[in-house]
Amino acid sequence: MKKLFLWLLILGGLSSLRGTAAGPNAAYDLESFAKLPVVFNGRHQPVDSLGRNSLIQIRHRYGLYDAKEKREVPAAEWVAEVMMRPEVADDRKAFRLDHPDLISLLKLPGKDESRGEDGKHYSWNQLAPGFKEIEDQARRILSEKKDASQRNAFEQDLLKLRNALTLYLRLKNTVHPQDTTNFTEELAAFEQAIPGGVAAAREQQVGRSYNTNDLERLLRFASRYDVIKEMEPPLIIPPAPTKTAEDWQRSGDVLLNHLRGEPLPEALTSWAAISTAFRTGNPTEFNSAVARYQQQLAANPVVAPDRAKASREVFFNRMAPFYNTMPLYVGAFLLACFYWFNFAEWARKTAWWMVMVAFVIHTIGLIFRMWLEGRPPVTNLYSSAIFIGWGSVGLGLILEKFWRNGIGLVVGSSLGFVTLIIAHNLALGGDTLQMLQAVLDTNFWLATHVVIVTLGYASTYVAGFLAIIYIVRGVFTKGLDEATGKSLARMVYGIVCFGTLFSFVGTVLGGIWADQSWGRFWGWDPKENGALIIVLWNALILHARWGGLVRERGLMNLAIVGNIVTSWSWFGTNMLGIGLHSYGFMSGAFLWLGGFILSQLALVALGSLPFEYWRSHQARKTGSGPRPPGARPSRTPEAVAA
Amino acid sequence: MSAVATDPTPAARGSAAPPPAPARAWWRPLLDFFSSLRLTVVLLALSIVVVFFGTLAQTEDGLYVAQEKYFQSLFAVWSPHTPGWQWLKIPLPGGYLLGILLLINLLAAHATRFKFTWKKSGIFLTHFGIILLLIGQLTTDLFSRESRMRFAEGEFRNYTEDFHSTELAVLTDTTDPTLEQAVVFPESRLQSGAELKHNSLPFTLRIVEYFPNSDPEVLADPASATNFTGIGRRFAFSPIPVTRAMDSKNVPSSVVEAVGPDGKVLGRWFLSAWAGDADMANVLFVSWMRSFQKQGDGSPFVRARRLVDDITTPQTVEIGGKSYTLVLRPERYYQPFSLDLLKVTHEKYQGTDTPKNFQSRVRIDNPGTGEKREVDIYMNNPLRYDGLTFFQHQMDSSPMNLDGRPVTVFQVVRNPTWLTPYLGTLVVGAGLMVQFSIHLFCFIRKRTA
Chain A
343 MKKLFLWLLI
353 LGGLSSLRGT
363 AAGPNAAYDL
373 ESFAKLPVVF
383 NGRHQPVDSL
393 GRNSLIQIRH
403 RYGLYDAKEK
413 REVPAAEWVA
423 EVMMRPEVAD
433 DRKAFRLDHP
443 DLISLLKLPG
453 KDESRGEDGK
463 HYSWNQLAPG
473 FKEIEDQARR
483 ILSEKKDASQ
493 RNAFEQDLLK
503 LRNALTLYLR
513 LKNTVHPQDT
523 TNFTEELAAF
533 EQAIPGGVAA
543 AREQQVGRSY
553 NTNDLERLLR
563 FASRYDVIKE
573 MEPPLIIPPA
583 PTKTAEDWQR
593 SGDVLLNHLR
603 GEPLPEALTS
613 WAAISTAFRT
623 GNPTEFNSAV
633 ARYQQQLAAN
643 PVVAPDRAKA
653 SREVFFNRMA
663 PFYNTMPLYV
673 GAFLLACFYW
683 FNFAEWARKT
693 AWWMVMVAFV
703 IHTIGLIFRM
713 WLEGRPPVTN
723 LYSSAIFIGW
733 GSVGLGLILE
743 KFWRNGIGLV
753 VGSSLGFVTL
763 IIAHNLALGG
773 DTLQMLQAVL
783 DTNFWLATHV
793 VIVTLGYAST
803 YVAGFLAIIY
813 IVRGVFTKGL
823 DEATGKSLAR
833 MVYGIVCFGT
843 LFSFVGTVLG
853 GIWADQSWGR
863 FWGWDPKENG
873 ALIIVLWNAL
883 ILHARWGGLV
893 RERGLMNLAI
903 VGNIVTSWSW
913 FGTNMLGIGL
923 HSYGFMSGAF
933 LWLGGFILSQ
943 LALVALGSLP
953 FEYWRSHQAR
963 KTGSGPRPPG
973 ARPSRTPEAV
983 AA
Chain B
30 MSAVATDPTP
40 AARGSAAPPP
50 APARAWWRPL
60 LDFFSSLRLT
70 VVLLALSIVV
80 VFFGTLAQTE
90 DGLYVAQEKY
100 FQSLFAVWSP
110 HTPGWQWLKI
120 PLPGGYLLGI
130 LLLINLLAAH
140 ATRFKFTWKK
150 SGIFLTHFGI
160 ILLLIGQLTT
170 DLFSRESRMR
180 FAEGEFRNYT
190 EDFHSTELAV
200 LTDTTDPTLE
210 QAVVFPESRL
220 QSGAELKHNS
230 LPFTLRIVEY
240 FPNSDPEVLA
250 DPASATNFTG
260 IGRRFAFSPI
270 PVTRAMDSKN
280 VPSSVVEAVG
290 PDGKVLGRWF
300 LSAWAGDADM
310 ANVLFVSWMR
320 SFQKQGDGSP
330 FVRARRLVDD
340 ITTPQTVEIG
350 GKSYTLVLRP
360 ERYYQPFSLD
370 LLKVTHEKYQ
380 GTDTPKNFQS
390 RVRIDNPGTG
400 EKREVDIYMN
410 NPLRYDGLTF
420 FQHQMDSSPM
430 NLDGRPVTVF
440 QVVRNPTWLT
450 PYLGTLVVGA
460 GLMVQFSIHL
470 FCFIRKRTA
């Protein structure tokens, strides 16, 4: 058993060390480049994250698979190409299009393996002929359907594509205008043009004759830099040591300021050297330029925190703790299910250790994320999924510690896996570490209200999943004997108590937060109401149980409905914001939510089947076994109090 | 242990027939009904249903209306807005009805079924806290009052303004800008045909017409409105349906006549909150400027500004050598202290429009107590003073006054029972904690035994 466990650990470790195959850029020190700090969307981040968060928005992946080169292009390499070697990047199939109407509108090739077309991913150059069409359509949609809820799937996808193209364009003009071929030379030419151009401008102002060529040459530069500044690309020029950490600038800003007599920052020259070396294919020069720039940054105390945070974040990105625990959860789930069939203790033990290891990685990831952000664990929908998963796994482990029957493991690992999948999909929205709106900018309430209410969600799900195990095992297998049934009922009851406490306290703390921020303790807004419904539902389960209105099986059915209630509160209320009557509502996440609710209702129906259809019940009857659950009053003191 | 351990037999709980005791008082079954756990479960289920439909209704009705219809009512009817489904009508109990029934249920249960034991102390605490919360929500609905304070950097205010109601003020003395003397008529008296009199006014105001909500219009041909004195010569206001949506405001207008003591009509004025409410005048300015811009006007700012100056020109009744200014404005609540707005800070995240911080530094000046101090009000850090709480209100925009000074808006709440939910939460939290800890200890003891 121990040997097997060891092997599994080694395999798990190997799977997380997925190296990148050597591509044409292997000689470039892109790992150091990835750690350079920049500012985008108000957030200080490494170039690596800039690339990852852009790619996830436009391609729904953190990397880009290039079929021609037969390798995964990492995000940092891709963003380096977009910024500094756009002629290569423009040919990479970085844009993901899902709607068939959009693909046909833009006359894009369909799936054709022989020509390297997968029918989903397209390059900037392939899309370019359709830009005018996209812009015309987008303008029509935006003016006719101001409310996002009125837009159908095609229109939403079109606007998404337009946003992706805009983002790409901004990235392309980050360091210098996209058509620059040698930025170092361009800078030199710009410097040369200034004295003559400025003199000519002065002459022109006072109405004397001036050198038109000089003036026009300078104006050409000025308008180039003005254009890229207006695109609002990422801020790559760090503040001077005399300024504050909030004084980052765009390259367009400093170039235009240079016209007004301000000196060009050293950082811009360094970026020019990096870009020129990358563009001209000189890895040695590129590596030393990046190293030189890193040294410059090291000498600047104002950017020291940014630099430190950037390397931490790159480490976090590489570690991908949440992504990498997923296989462990799946493995543990399968093993624990296997245990139920033959009760081999080694399977349960192995599953236990796998969940343990996954839980430790999950925890480290959470703590690392908190350290990176300087915030409590839950700051957005994405992190709430991560945290619900973490809480569920923790509860599952506690249950397993007490009962040692594999149930806690199955619940913990399945919820851990499912919530991480949800988190992964939520990450498609972009940066998962994004800055918070002013009203949310309070660590105290994020740490209390949000964390506690999220634990309430987690425990309600755990209770629901325990109930699913009860019903599935009871109806389809002979595995649900009376003892197991009873222990499941106790678990569900205990977890529901726990869930009531957490959801109540969490919800009311939210009310207090609202009272603190806008003077209304309870405003009946959808999210609050969703949380209230969870509290009411848990209270209902407890009272129904105490009143003897439900017994073991009824408790299970109610707990499964708890899954619906919690999902509604978690996601459903967010969808309300975009309107119920809309087409948009019918797409994507809503379908998943609807499907989930239907599946839970089906389980409740299954759970309501008369006992003669339950296999476990048949087994109990034919054997000399004890009577089935629910067939006798379960309101013995023991059963109720457990 | 069980929460219903006091139940003598399972039969007494459920639908089973009551024992054939002949000496039962007539109110006994009623009490049994109201104290039953079955009723609790039904009420909880109904509450869930109401909260759910009340939430759905918000997508169409807006938060404010849905709240009144479903939560602050005894009965409600939900109907979908989807075309073809409007025939579907679901009757529901309202929030107040459910709250009251839950309260009765809880009290009745404690009066009959519950006996205090330490093992049940948690349940007692929890239920007591719930009672506090229910009562707290009710008193908040009944007694709390929300208003706003909007002013620009450098200004001071000793009053707050109601977002939902209007008043007609006659300013009797405007010589001292820091001290206003006025006769004020509340909105309830502003009805078409009403006559407004007051001892200190040498004239009667006759409400010719009153529109609870109105739209402004710039007259193309001012000569057509010669029967008006004041802004009525340049602008007209037409009635539009009253809005009840959250955060949208009714802007009333009114045609009034002043009648002298001799019965002579002194003039006819168009009064409007579009002019009397600084907030609305700002809205007008922005929309006029945009429309001038669209028309390709060379100086939209100047033209819009001129129009706003016109519409906000004071309208006065001259009689007996004195002048009286008429204003239709949001209802004011005067306070015994004033706030000076010293500085407004609005920070954004670098290179974005995402707001990072809104902050206002004010000086409290209370002549009654001689108190004078400066304080910062920002998100999640309100000022509680003299029974009022001031919250930084704007969340996503940084409005400016017409003269370019930054403006701050405070949400001002007077809620005498604001502490009850805090107390209730504490008590319920403690109660649940105690109860579940007792369960857990029993459970662990049993397992380890």
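Protein sequence lines, in the order shown, are assigned to chains A and B. Counting in this note's numbering, the first sequence runs from 343 upward without gaps. Counting in this note's numbering, the second sequence runs from 30 upward without gaps. All residues carry an ideal CB built from backbone N, CA and C; glycine is no exception. The model shown is predicted, which means the values in this text are computed figures rather than measured ones.
#1: For Leu-431 (chain B), which three-state DSSP category applies?
#2: Would you grab the beta carbon distance between Val-752 (chain A) and Phe-675 (chain A) for me? Rounded to a whole angstrom, and I think it's under 8 Å.
#3: Are Ala-470 (chain A) and Arg-504 (chain A) touching if we call contact CB-CB under 8 Å?
#4: Between B:Leu-59, B:Ala-86 and B:Arg-67, which lies nearest to Ala-881 (chain A) when the distance is taken from Cα to Cα?
#5: Leaving out five residues on either side along the sequence, give the residues of the same chain with a beta carbon under 8 Å from the beta carbon of Phe-932 (chain A).
#6: Just the Cα atoms here: how many angstroms apart are Ile-467 (chain B) and Lys-148 (chain B)?
#7: Can you tell me whether Asn-524 (chain A) is helix, strand or coil according to DSSP?
#8: Where does His-386 (chain A) fall in DSSP's three states?
#9: Who are the neighbours of Pro-58 (chain B) on chain A, taking C-beta pairs under 9 Å?
#10: Where Asp-405 (chain B) and Trp-888 (chain A) are concerned, what is the direct C-alpha to C-alpha distance, given to the nearest angstrom?
#11: What's the gap between the Cα of Pro-37 (chain B) and the Cα of Met-408 (chain B)?
#12: For Pro-625 (chain A), collect the residues of the same chain with a Cβ closer than 6 Å to its Cβ; drop the 5 residues on either side in sequence, then sort them by chain order.
#13: Who are the near neighbours of Gln-546 (chain A) in its chain, counting only those whose CB is closer than 8 Å to its CB and skipping five residues on each side?
#14: Can you find a C-beta in chain A that's less than 8 Å from the C-beta of Thr-477 (chain B)?
#15: Drop a sphere of 10 angstroms on the beta-carbon of His-704 (chain A), count the other beta-carbons inside from all chains shown, and report buried for 16 or more, exposed for fewer.
#16: When you compare only the Cα positions, how much space is there between Lys-372 (chain B) and Thr-586 (chain A)?
#17: Is the beta carbon of Leu-355 (chain B) less than 8 Å from the beta carbon of Gln-344 (chain B)?
#18: Please report the straight-line C-alpha distance between Val-288 (chain B) and Ser-229 (chain B), rounded to a whole angstrom.
#19: Please report whether the beta-carbon of Gly-921 (chain A) lies at a distance below 8 Å from any beta-carbon of chain B.
#20: Would you decide whether Leu-171 (chain B) is buried or exposed? Buried here means 16 or more other CB atoms lie within 10 Å of its CB.
#21: Using Cβ-Cβ distances below 7 Å, what residues of the region 879-895 of chain A are close to chain B?
#22: Closer than 8 Å, Cβ to Cβ, to anything on chain B: give me those residues from the region 853-880 of chain A, in chain order.
#23: Classify Leu-484 (chain A): buried if its beta carbon has 16 or more other beta carbons within 10 angstroms, exposed otherwise.
#24: Opposite Asn-395 (chain B) in the DSSP bridges: which residues?
#25: Please name the residue, chosen from B:Gln-87, B:Gly-123 and B:Gln-96, that lies closest to Pro-109 (chain B) on a Cα-to-Cα basis.
#26: Got a sec: which bits of the region 120-135 of chain B sit with their beta carbon under 7 Å from any beta carbon on chain A, in order along the chain?
#27: Label Asp-291 (chain B) either buried or exposed according to how many other C-beta atoms from any shown protein chain fall within 10 Å of its C-beta, with 16 as the threshold for buried.
#28: Does any CB atom of chain A fall closer than 8 Å to the CB of His-468 (chain B)?
#29: Mapping the DSSP letters down to three states, classify Trp-56 (chain B) as helix, strand or coil.
#30: Throw me the rounded Cβ distance for the Leu-397 (chain A) and Trp-420 (chain A) pair, which I believe falls under 8 Å.
#31: For Leu-461 (chain B), would you say it is in contact with chain A, using Cβ-to-Cβ distances shorter than 8 Å as the test?
#32: Taking the Cβ atom as the reference point for each residue, do Ala-873 (chain A) and Ser-845 (chain A) lie within a distance shorter than 8 Å?
#33: So within the region 335-359 of chain B, which uninterrupted beta strand (DSSP E) runs reach at least 3 residues, ignoring any that extend past its ends?
#34: Buried or exposed for Ser-565 (chain A), going by 16 or more other Cβ atoms inside 10 Å?
#35: Could you check whether the Cβ of Asn-383 (chain A) sits closer than 8 Å to any Cβ belonging to chain B?
#36: Mind checking if Ile-393 (chain B) is an interface residue toward chain A, Cβ cutoff 8 Å exclusive?
Inspection of the coordinates gives the following:
#1: coil
#2: Indeed, because the Cβ distance is near 6 Å, the residues count as touching under 8 Å.
#3: no
#4: B:Arg-67
#5: Met-917
#6: Whole-angstrom Cα-Cα distance: 7 Å.
#7: coil
#8: strand
#9: Result: empty, since nearest Cβ-Cβ is about 17 Å, beyond 9 Å.
#10: 51 Å
#11: Reliability of the predicted coordinates at Pro-37 (chain B) is poor, the pLDDT of 39 falling under 50, and the value obtained from them is presented with this limitation in mind. Taking the straight line joining both Cα atoms gives about 55 Å.
#12: Ala-369 and Tyr-370
#13: Closer than 8 Å at the Cβ level, and outside the excluded window around Gln-546 (chain A), lie Tyr-552 and Leu-557.
#14: no
#15: Classified as buried, His-704 (chain A) has 16 or more neighbouring CB atoms from the shown chains inside 10 Å of its CB.
#16: 22 Å
#17: yes
#18: 14 Å
#19: For Gly-921 (chain A), the predicted model reports a pLDDT of 41, less than 50, meaning its position is unreliable; a value from the coordinates is still stated below. Closer than 8 Å to some Cβ of chain B, the Cβ of Gly-921 (chain A) qualifies, so yes.
#20: exposed
#21: Trp-879, Ala-881, Leu-882, His-885, Ala-886, Trp-888, Gly-889, Gly-890 and Leu-891
#22: Gly-853, Ile-854, Trp-855, Asp-857, Gln-858, Ser-859, Trp-860, Gly-861, Arg-862, Phe-863, Trp-864, Gly-865, Trp-866, Asp-867, Pro-868, Asn-871, Gly-872, Leu-874, Ile-875, Leu-878 and Trp-879
#23: exposed
#24: B:Glu-400
#25: B:Gln-87
#26: none
#27: Residue burial annotation: Asp-291 (chain B) is exposed, with fewer than 16 other C-beta atoms found within 10 angstroms of its C-beta.
#28: Closer than 8 Å to some Cβ of chain A, the Cβ of His-468 (chain B) qualifies, so yes.
#29: coil
#30: 6 Å
#31: yes
#32: Result yes, Cβ atoms of Ala-873 (chain A) and Ser-845 (chain A) sit closer than 8 Å.
#33: 344-348
#34: exposed
#35: Interface flag for Asn-383 (chain A) against chain B is set, since a Cβ pair is found closer than 8 Å.
#36: no
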